[in-house]
Amino acid sequence: MPRPRRGGRLLSAALLTGTLLAGPAAQAAGPLRVGGAVLEPVATTSLPGFPGPDPAAALDAFRRVCAAPAPAAPVPPTATGSAPDLAAACALAADAPPERAGAFFAERFDAYRVVRPAEGGEPERRAGFLTGYFEPELAGSLTRAPGYDAPVLARPDDLVSLAPGEVRPGLDPGLRAGRAVGERLEPYPDRAAIEDGALGERARPLLWLRDTVDLLVLQVQGSGRVRLPDGSGVRVLYDGRNGRPYTAVAKLIVQEGHLPLEGLTLARWTAWMRQNPEIARRLIRANASYIFFRLAPVADPALGPQGAAGAPLSPGRSIAVDANLWRYGLPFWLEGRLPGAATSETGRLVVAADTGSAIVGPARGDLYLGTGAEAGIAAGNLRDAVGFVVLLPKAAPPATEPER
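Written as structure tokens, this is what we have:
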């Protein structure tokens, strides 16, 4: 099916679906609010360092989301951002030269600082919380072999995923997926049950990793690259989850006193788990959430996996946001110095391209930092308070009637 066109250019169906907030102009009765936060208008000229040293990289990330097909999950009606206005910005981005990238964002968008107002004795908050994530690079095999014992499972055909806010009769509202049994849904088996064989013939391994620790890392990050014994590589992409609540295994390790929180890194806690396999197995099984995957080729090694917006993730420029509050494709200016940034960098332009179950709230983000061990270290170290400034597209000019 061809994508909708505007101005003779193909535009993403993802940006043209859904009934969404019309933007600040529709909020004349009061300030624009998103998820309990107030959006305060701010001039981009007053943002220190805007648009950053390489706005062309943000423009490339924006174009990728513009060109992406519509995501499988419907856009929640609570998501902020006008679809027609964002589509109009996409059309103009196609012709924006790299040297005009900063001007494009300044001219085509209005900036709003995300602020939690003082309420109930809590002070006003102008900083949000930013973490990082990455694409792990793991060793694996397409067949089970000595040294490769942990199966990466394909999505079972009886798994039914629920859209944000969707509730099914008889299913606990806290569960985000169910098992189709005739005309009804039942809770999907948890991790321990799946490991014990609850899926039966529906457990279809796509490939095998070294151990359950590598599998856990893959599932926590949601995707990864796997190096096969012949030297080739394949990308493993998220394809659904059992809908059970997620429990952070690293948090359990700290709570039980096995490792201190101070200095806890991915490398440290995964190494500890391999040294203590019995305790590790118990803690991993305490995380009821289970992720299923699909395979895809590595089309461009410089880019990351496909995010929830349907576009490849751009290292350092793609951010996961609360998809119940923000529309994919919205640019954000992050106020603060980020990993790998020059000392002179006081902020960075990023683009909403992904989401995650732990990313909740209007000023909460997860920055994609790339592939491999170095990116993993940077992601593990990123847990910082930063300011969030959302860029909402300006109203699209009204369509003109063609001359007759």
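Quick note on numbering: the sequence shown equals residues -28 to -1, 1 to 376 in mature numbering (1 follows the signal peptide of the UniProt record, and there is no 0).
By construction, the Cβ of each residue, glycine as well, lies at the ideal position given by its N, Cα and C atoms.
Tell me, please, which residues DSSP counts as bridged to R85. E12, V361.
Given 8 Å, three or more beta-carbon pairs between the stretch 248 to 268 and the stretch 121 to 134: Yes: the two stretches touch, three or more of their Cβ pairs being nearer than 8 Å.
Who are W244's beta bridge partners in DSSP? Beta-bridge pairing links W244 to no other residue.
Close beta carbons around D32, own chain, < 8 Å, minus the five adjacent residues each side: Hits under 8 Å: S286, R289.
Relative to the C-alpha of P365, which candidate in V323, L354, T327 has its C-alpha closest? Nearest of V323, L354, T327 to P365, Cα basis: V323.
With 16 other Cβ atoms within 10 Å as the buried cut-off, status of E307: Around the beta-carbon of E307, 16 or more other beta-carbon atoms lie within 10 Å, marking it buried.
For D67, the first and last residue of its enclosing alpha helix (DSSP H): Per DSSP, D67 belongs to no alpha helix (DSSP H) and is neither H nor E.
Given a threshold of 16 other Cβ atoms within 10 Å of its Cβ, counted over all protein chains shown, does V361 qualify as buried or as exposed? It counts as buried.
How about the stretch 96 to 106 and the stretch 332 to 347: do they share at least three Cβ pairs that are nearer than 8 Å? Verdict: yes, contact present.
Going by other Cβ atoms of all chains shown within 10 Å of its Cβ, with 16 needed for buried, is E167 buried or exposed? Result: buried.
For residue 451, which option in A30, A55, T50 has the closest C-alpha, if you only look at C-alpha atoms? Within the shown structure, residues of the chain are numbered from -28 to 376, placing residue 451 beyond reach of any answer.
Sub-9 Å separation of R174 and D121 beta-carbons: Not closer than 9 Å, so no.
Look at R182 and A111 and say whether their C-beta atoms are less than 9 Å apart. Contact: yes.
Got a sec? Which residues, its chain only, sit under 7 Å from Q278 by beta carbon, not counting five neighbours each side? Apart from the 5 residues on each side of it in sequence, Q278 sits with its Cβ closer than 7 Å to the Cβ of L209, P284 in its chain, given in chain order.
Quick one: grab the DSSP three-state call for F101. The answer is strand: DSSP assigns F101 an E or B state.
Any chance the stretch 144 to 153 sits against the stretch 235 to 247, with 3 or more Cβ pairs inside 8 Å? In this structure the stretch 144 to 153 does not touch the stretch 235 to 247; the number of beta carbon pairs closer than 8 Å is below three.
Output the distance between the C-alpha atoms of E138 and P69, rounded to the nearest integer angstrom. When rounded, the separation of the alpha-carbon atoms in E138 and P69 is 42 Å.
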